[in-house]
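Asks: Residue numbers (my numbering): 100 to 242.
Here's a structure for you.
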Amino acid sequence: MQLAGLTSRQWAQRHGYASAAEWRGDECGCPDDRCIGYHHDAEEECGCLPALIDELRRDERKLADARPVWAAHVRATESGTPEDRAAAETLVAAWVEEYAAGTTWHALSDSPRGIVYRNQWNDSTWLLYDADRDSIETAEVTR
């Protein structure tokens, strides 16, 4: 984690714990004490930490890339111009293509505020970027 610039506290908070002291660490029987629970046989090499750090970095990029998309939507809503709306739609289409595999529909939504989409695997609508919390989500939208 140190090589990735992460503290135990940051890592624990990422996984829902208030502090590093509460984090239980390895729960899958892996002898590698960096493992946080992807299940595999104890004699297999642990690949958890590198994979999870890659996932964290991708989520950080996803969040950073969502912010200007949402800002373009706000600008388009405020200005009401077709040019601003087209720019926002172009940005959200590129963002969804990059970060939401299997998309069949997407939108910039004002309720809930954020980027929502549907995918090829089910008929649910999912919130991917929560503009109110400025966070990356994958939460089902109930209407």
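Built from N, CA and C at the ideal position, the CB exists for glycine as well.
Could you name each continuous alpha helix (DSSP H) segment of 4 residues or more that falls completely within the region 160 to 221, going from the start of the chain to the end?
Replies: Runs found: 181 to 198.
Asks: Since residue 216 and residue 161 are thought to touch, with beta carbons under 8 angstroms apart, how far apart are those beta carbons, to the nearest angstrom?
Replies: Locating residue 216 in the sequence shown gives position 117, counting from the first residue. Locating residue 161 in the sequence shown gives position 62, counting from the first residue. Residue 216 to residue 161, Cβ: 13 angstroms. No contact.
Asks: Look at residue 165 and residue 116 and say whether their C-beta atoms are less than 7 angstroms apart.
Replies: For the purposes of this step, residue 165 is taken as the residue at position 66 of the sequence shown. For the purposes of this step, residue 116 is taken as the residue at position 17 of the sequence shown. No; because the gap between Cβ atoms is not below 7 angstroms, this pair is not in contact.
Asks: Going by beta-carbon coordinates alone, are residue 41 and residue 173 separated by less than 7 angstroms?
Replies: Residue 41 is absent from the model: the chain starts at 100 and stops at 242.
Asks: Who are the Cβ neighbours of residue 202 in its own chain at under 7 angstroms, not counting the five residues just before and after it?
Replies: Start at 1 with the first residue of the sequence shown, and residue 202 comes out as number 103. 195, 216, 218, listed in sequence order.
Asks: Quick check on DSSP: helix, strand or coil for residue 253?
Replies: A question about residue 253 goes unanswered here, because the residues of the chain that appear run from 100 up to 242.
Asks: What does DSSP give as the partner residues of residue 235 in its beta bridges?
Replies: On the sequence shown, position 136 is the one that residue 235 refers to. BP columns for residue 235 point to 228.
Asks: From residue 221 to residue 181, what does the alpha carbon distance come to, in whole angstroms?
Replies: Here residue 221 corresponds to residue number 122 of the sequence shown, with the count starting at 1. Here residue 181 corresponds to residue number 82 of the sequence shown, with the count starting at 1. Their Cα atoms are separated by approximately 32 angstroms.
Asks: So, is residue 104 buried or exposed, given that buried needs 16 or more other C-beta atoms within 10 angstroms?
Replies: Your numbering for residue 104 matches position 5 in the sequence shown. Its Cβ having fewer than 16 others within 10 Å, residue 104 is exposed.
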